[in-house]
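Please read the structure below before turning to the comments.
Protein chains: 2
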Amino acid sequence: MLLKYLKQLNAYNEKVINYNYCLNNIYWDMETETAFPPKAVEKTSQVIEFLSKEITNLLVSKDTIEMIDYLTENNKSLTPIQKRQVILLNRAYNRASKIPVDLQTKYEGLKIKAQSVWVEAKEKNDYSLFAPYFKELIFYNKKFIKLLEPKVHPYDILLEQGEFGMTVEKLDKFFDVLKKELIPFAKATIEKLESINTDFLFKSIPLERQKAFSNYLARYIGFDLNKGLIKESEHPFCMGIEPNNVRFTTHYYGNNFISSIYSVLHEAGHGIYEQNQDSELEGTMLQGGASMGVHESQSRTFENLFGRNYYFLKGLYPNLQEIFPEIKEVSVEAFYKGVNKPENSLIRIEADELTYSLHIMLRYEIEKMIFEDKIEVDELPKIWNSKMKEYFGLDVPNDSKGILQDVHWAGGMFGYFPSYSLGNAYANQIIEEMKKEIKLDEFLEKGEFGPINYWLREKIHRKGMLLDPDDLIKSICKEELNPYLYINYLKEKFRKIIEMNTDVSN
Amino acid sequence: MLLKYLKQLNAYNEKVINYNYCLNNIYWDMETETAFPPKAVEKTSQVIEFLSKEITNLLVSKDTIEMIDYLTENNKSLTPIQKRQVILLNRAYNRASKIPVDLQTKYEGLKIKAQSVWVEAKEKNDYSLFAPYFKELIFYNKKFIKLLEPKVHPYDILLEQGEFGMTVEKLDKFFDVLKKELIPFAKATIEKLESINTDFLFKSIPLERQKAFSNYLARYIGFDLNKGLIKESEHPFCMGIEPNNVRFTTHYYGNNFISSIYSVLHEAGHGIYEQNQDSELEGTMLQGGASMGVHESQSRTFENLFGRNYYFLKGLYPNLQEIFPEIKEVSVEAFYKGVNKPENSLIRIEADELTYSLHIMLRYEIEKMIFEDKIEVDELPKIWNSKMKEYFGLDVPNDSKGILQDVHWAGGMFGYFPSYSLGNAYANQIIEEMKKEIKLDEFLEKGEFGPINYWLREKIHRKGMLLDPDDLIKSICKEELNPYLYINYLKEKFRKIIEMNTDVSN
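Residue numbers (my numbering), protein chains in the order written: chain A, 19 to 524; chain B, 19 to 524.
Structural data, given as structure tokens:
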């Protein structure tokens, strides 16, 4: 019997993995084919719907339920990898079985419509266009929450999707620390570093040279181009079709060459995670990231903890100057300060390392109010704008640069934003541990990513989805999420930059 | 009962259409992603194999057989579209049920290996590397033929796959005429037109301007970019994922700008066929071409009968000269003669309109000898070279420019080549009919493709796979395949060019 069900598990995995391969391939095609035919969208959506339904139907089928039940009852005979698969299958089944297929299908349709309306609303700077869809999206999500688990805090159910084990209780504590510590520190630091010159970052640089540098940079930090590729799209993203087929995009600007450099570092961070899965996980559905937050910790590590590290830049600088002679006269110190200059800004995706999590905090507070029934959709722009004033001292000129700026809510992604801040915090906790074991700054300066990526692979990447995020972080750091390491890192880093900036001014 | 099975037919179609969408998407990705990761090939092949097997398993399943049987017996209650689907399902089932899955799977693996060996053999110019795989490919095909229908001429079974109803008997007659009429005529014509100047065709022209012209040209002849796109690849090809998602590629050369122009005309010809399917065929598996030969007739029509037509070029010429000022001093007459200059050449894909079918004849004769067991694989280069001498008067310098030049045999495509010549012949028969009803040259000169494409859509494109090629050609031309119209067209066209060339020389 055991053998029969294990065979069935393999067949189940094969089917779902292959369907997911197709889905990813279709998404990649839609997002990156520069001239995707407009009229092709309809049939493509039908194929996506068909494959998604096939996956759900397979999950909730009698055969699969029998298999899950048997393997759950007899889990003592299973290997750790098999056990973990059964746990995740149970979670997926519980979710899928509680939401009627019709409701889910309607919701998927709503999301597609809402996203196109959001595009229009943002373009026309008209929140009232989007508001009715926003209301309906929230309505559906509240319905799902009730169907799934009416007893816990509704926001916990949203968090569970991307960050299993995360709760409002933990997040409140996390953001309370950020609010208390980060807001005053950021304010003071921004003032002190106002004098940093960044003009040289906006020199005109031909795209061809920028493109050539992307491949070099990705390889430099350990992204394997035999197992992946780099392309262009409006908004950079990373997609791990499977560990040998990991793709990411970047976007080039003629007058902002570091934009693509930091996109490459960020997305390649995601990509290296996806590429370095343990081969023992092949053929299972455990390949991928432990959670959205842990995935983001890896992209943030490469983007900020490595990419905005002084020693990393010092090591890379000769090559950077060779490819970009436009910065030949700029010292590495000036460059380092330039790419680290903090600023109050309206737009999350343009925010710097110091202020980024404050943008997330604002969104978290708003989402919580929504799902605690404490606010109406029509009031949201007012709330948004008042919080922007409070945290950044900025007036929001219009809703396109305010509440309409992100696509997430239009895509039904509620409870997703916190993973960005968790990523920042996890990244710092993890790197503190790494520093105890290897001489990080030395390797970064030498551009030796072998030992760095080996460490990350052993501790995180190769484990795929074997552990829940909490357990993974504890296995590395001996403690759970701890915002203080993140805060202390920022304080220490920017204290040094202030010092550096004062020295030079003298 | 009928309703039940018709419902089942719809579900069957939906599944297979969606799987084919995924397969096409994957092929497109592999062929056109310029940096497709080498290590991603393995899993991608597995997904292709998985989907292909799912399609076959569905076709030969008990449920499907029951459905086919019921609908075949009760076909009087069916609409013409439903009837046709049942006929084609029967054909597909007969084929699939006679070849054991294991044998087919091994063969698919062999083809992949053989193609990579062929690449190496061609690069190294070493036929002996490829010969063992060539033998095995032939061995498998002979086995399949015996399993499928041991009673007819073995080559007929090969023809059936791409050109239902075509036989060695018919093809022999066709090529006999070509051999008798075309070889002497081509020889004499090539000599007479040797003086045509083509230097201006090889001027250096920046790729950017060539690329811009592709979109213009495709739209000019009626390819709808809302329902398709154009990209680049090493070897141009066209893929109809569905009528609203038709894609083709071209290849740009800095010193040969008409290469891409004629690729675009050719592939857009395939593409226009795919885009103009009747909406009544939606959701059925009848969307596509009536046969390989009929499909090729459309690409050849746009490439040669339109694209190398004097009036078409005259109409296009002002725009052509504006985008390519490099030919500002070249008269349209000189340009027309240049793109029509015939030559004896070693390579099929570089062959001109006059000599193209002779290259096919040579391959047809060799394929027939193979499947009539009249020749050994090791003797093939010698035979190839002697035929090249006989038909073109050329010495083959090496096998890479001889028997190893085409990928078809390495990909198991035996019996495929004739469709290229059939395409040429069908094209001429069809256009003769069109000329009786519309003033083709006038429309070509004005660049008015509306009436031209309307005629083609009504007579051919919208019918998809509703008719077998023979019946389709008969429905348009009131007769079957007739090589004389093709021969006469070539004689007439090149007689005029000789006249034109003499006038100018005087």
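All C-beta atoms in this analysis are idealised placements derived from N, C-alpha and C, irrespective of residue type, glycine included. Keep in mind it's a predicted model, so treat the numbers as computed, not measured.
- For secondary structure counted as the beta strand (DSSP E) over 3 or more consecutive residues, the segment 235-275 of chain A holds these complete runs in sequence order: 246-250, 256-260, 263-268.
- Below 8 Å, enough C-beta pairs join the segment 123-138 of chain B and the segment 416-430 of chain B to call them touching: three or more.
- With respect to the 8 Å criterion, E385/B and Y173/B are classified as neighbours on the basis of their beta carbons.
- Spanning the alpha carbons of N471/A and F410/A requires a straight line of approximately 36 Å.
- Rounded to the nearest whole angstrom, the C-alpha separation of F241/A and W473/A is 15 Å.
- In this chain, the alpha helix (DSSP H) harbouring N471/A covers 468-477.
- When the five nearest sequence neighbours on each side are left out, the beta carbons in the same chain lying within less than 7 Å of the beta carbon of K477/A are those of I494, in order along the chain.
- Cβ neighbours of P118/B within its own chain (closer than 6 Å, five residues either side excluded): none.
- At a cut-off of 8 Å between C-beta atoms, D47/B counts as an interface residue with respect to chain A.
- Residue contact with chain A for G311/B: absent (no Cβ-Cβ distance below 8 Å to any residue of chain A).
- Closer than 7 Å at the C-beta level to chain B, one finds no residue of the segment 176-205 of chain A.
- By the Cβ neighbour-count rule, P360/A is buried, with 16 or more other Cβ atoms within 10 Å of its own.
- For V59/A, the enclosing alpha helix (DSSP H) starts and ends at 59-77.
- In this structure, the CA atom of T302/A is about 57 Å from the CA atom of Q447/B.
- For G246/A, the nearest CB of chain B lies under 8 Å from its own CB, placing it at the interface with that chain.
- In the three-state reduction of the DSSP assignment, T90/B falls in the helix class.
- Following the DSSP letters along the chain, one finds E141/B inside the alpha helix (DSSP H) bounded by residues 119-142.
- Per DSSP, Y434/A is not a residue of any alpha helix (DSSP H), being assigned neither H nor E.
- Residue contact check for C256/B against chain A: no CB pair falls below 8 Å.
- Scanning chain A for C-beta atoms nearer than 9 Å to the C-beta of E250/B yields nothing, as the closest lies near 12 Å away.
- The beta carbon of P172/A does not come within 8 Å of any beta carbon belonging to chain B, so the residue lies off that interface.
- The DSSP assignment places 186-210 as complete runs of the alpha helix (DSSP H) inside the segment 186-223 of chain A, in order along the chain (cut-off: 4 residues).
- Scanning A308/A, N294/A, R326/A, D296/A for the CA closest to the CA of V282/A turns up R326/A.
- Contact between the segment 43-55 of chain B and the segment 28-35 of chain A is absent: fewer than 3 CB-CB pairs across the two stretches fall below 8 Å.
- In this structure, the beta-carbon distance from T319/A to I449/A falls below 8 Å.
- E455/A is outside the set of residues whose beta carbon lies under 8 Å from a beta carbon in chain B.
- Per the C-alpha coordinates, the member of Y280/B, Y234/B, A230/B positioned closest to P254/B is Y280/B.
- Interface residue (Cβ-Cβ distance to chain A less than 8 Å): Y329/B is not classified as such.
- A distance below 7 Å between beta-carbons, with the five flanking residues on each side excluded, links K355/B to the following residues of its chain, in chain order: I214, I515, M518, N519.
- The beta carbons of N403/A and V395/A sit no closer together than 8 Å.
- At a Cβ-Cβ threshold of 8 Å, S418/B and K140/B count as neighbours.
- Listed by position along chain A, the residues whose Cβ is nearer than 8 Å to that of E260/B are A58, K61.
- Taking C-alpha positions only, I73/A is separated from A58/A by approximately 23 Å.
- In chain order, C40, N43, I44, D47 make up the part of chain A whose C-beta sits under 8 Å from the C-beta of N43/B.
- The Cβ-Cβ distance between F342/A and I248/A does not fall below 8 Å.
- The alpha helix (DSSP H) runs lying completely inside the segment 325-411 of chain B and spanning 4 residues or more are 328-341, 350-358, 374-389, 398-410, given in chain order.
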